[in-house]
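Below: the structure, in structure tokens.
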Amino acid sequence: MQAERPASGPLFDAHAHLGDPALEGDRPQVLERAGRAGIRWILDNGTSLEDSGRALARRGSAGGVRVEAAVGIHPHEAARAPRDFAEQLRQLARQGAVAVGEIGLDYHYDFSPRPVQREVLRRQLELAQALQLPVVLHEREAAGDLLEILDRVGLPARGGVVHSFSGGPAEAEAYLQRGLHLGISGMVTFRGMDDLREAVRRAPAERLLFESDSPYLAPHPLRGRRNEPANVAWTVAAVAELRGESPEALLKASWSGLARLYGAEPPAGTR
Ligand SMILES: [Zn+2]
């Protein structure tokens, strides 16, 4: 599946890691290119306490691009979380984070023991509820356990997103029923992802959030290169074509979901 050209703005990137070493060296240029591509809002995600603190420090506006931060401990980092991580994260979140993330379960890599992943997720879900913040969820080969924990612990009233969603229609439906959004990355353009494309075709547009997951998952035709927020324009174009909609209509609906979730202001004309 291939779009002829990238979508034009106003766009957003609902999930990036601007602190990743791959983007560290030329971050100002990365943000400048994002602005030129029409990106107006980026959510920069923390993966550990330290990384979350740095994401908070990077917040700001430049070249028409607003960067906000989510603070959280990624399942890969769960085993390294200090005993008082929840208290430390609470203090970070109070400094102006718009979400708790990214948090979740990753049974593909299993970098942290699964019981530790589940416990760290549970406590961060409770924190998001207490702080009334939405959650950014990471799930890989762990949908059953994630759903079980969400149902037992509960989602924050503000909801959340399953970022870089890679499942099919049945999994999408399970998340949508719980009020979650689906984060759509460049994977939707990859060969062999027909089930994901079918899920994306069926989902309500206002529940789709477009994301780069920079520096990973660059969309076709840039696949394999370092990814950056500007490339979301290709993912949006591909999804619009897949759904038989105009990029403008798709983006308008998607901005409304982003505004509900994070209070992100869509630029005038997309409300
Ligand atoms: Zn991520």
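Straight run, no breaks: the sequence shown in this note's numbering ends on number 281. From the three backbone atoms N, C-alpha and C, an ideal C-beta is built for every residue, glycine too.
Query raised in the report: Should residue 250 go down as buried or exposed, given a rule of 16 or more other Cβ atoms within 10 Å for buried?
Result: Here residue 250 refers to the residue found at position 240 of the sequence shown. Under this definition residue 250 is a buried residue.
Query raised in the report: Is residue 149 near ligand 1, going by C-beta to nearest heavy atom under 7 Å?
Result: Translated into positions along the sequence shown, residue 149 becomes position 139. Checking every heavy atom of ligand 1 against the Cβ of residue 149, none is found closer than 7 Å.
Query raised in the report: When DSSP labels each residue in this structure, what does residue 281 get in the three-state scheme?
Result: Taking the sequence shown and counting its residues from 1, one reaches residue 281 at position 271. Residue confidence is low: residue 281 scores 43 on pLDDT, short of 50, so the model does not pin down where it sits. Its coordinate-derived value is still stated next. Residue 281: coil per DSSP, three-state reduction.
Query raised in the report: When the Cα atoms are used, what is the spatial distance from residue 281 to residue 61?
Result: The residue given as residue 281 occupies position 271 in the sequence shown. The residue given as residue 61 occupies position 51 in the sequence shown. Confidence is the limiting factor: at residue 281 the pLDDT is only 43, short of 50, which leaves the residue's position unreliable and the question unanswerable from this model.
Query raised in the report: If you pair each beta-carbon of the segment 122-135 with each one of the segment 64-80, do three or more pairs fall below 8 Å?
Result: No: fewer than three Cβ pairs fall under 8 Å.
Query raised in the report: For residue 228, which residues from the same chain have a beta carbon less than 6 Å from its beta carbon, with the 5 sequence-adjacent residues on both sides left out?
Result: Position 218 of the sequence shown, counted from the start, is the residue given in the question as residue 228. Excluding residues within five positions, the ones whose Cβ falls inside 6 Å are 196, 235, 237, 241.
Query raised in the report: Are the CB atoms of residue 114 and residue 156 nearer to each other than 8 Å?
Result: On the sequence shown, position 104 is the one that residue 114 refers to. On the sequence shown, position 146 is the one that residue 156 refers to. Cβ atoms of residue 114 and residue 156: closer than 8 Å.
**Report entry** Residues sharing a beta bridge with residue 5, DSSP
**Finding:** In the structure displayed, the chain extends from 11 to 281; residue 5 sits before or after that span and is not available.
Query - Nearest-angstrom Cα separation, counted from residue 14 out to residue 137 - result: Reading the sequence shown from its first residue, position 127 is the one you call residue 137. Reading the sequence shown from its first residue, position 4 is the one you call residue 14. Distance between the alpha carbons of residue 137 and residue 14 is about 43 Å.
**Report entry** For residue 169, the nearest candidate out of 190, 177, 162, 179 (CA to CA)
**Finding:** Numbered from its first residue, the sequence shown carries residue 169 at position 159. Of the residues 190, 177, 162, 179, the one whose Cα lies closest to the Cα of residue 169 is 190.
Requested in this report: Quick one: using the 10 Å Cβ neighbour count with 16 as the cut-off for buried, is residue 267 buried or exposed?
Outcome: As a working mapping, residue 267 is identified with position 257 in the sequence shown. Counting Cβ neighbours within 10 Å, residue 267 comes out buried, since at least 16 surround it.
Query raised in the report: Of all the CB atoms in chain B, is at least one closer than 8 Å to the CB of residue 208?
Result: Annotation note: the requested chain B is absent from the structure, which comprises a single protein chain.
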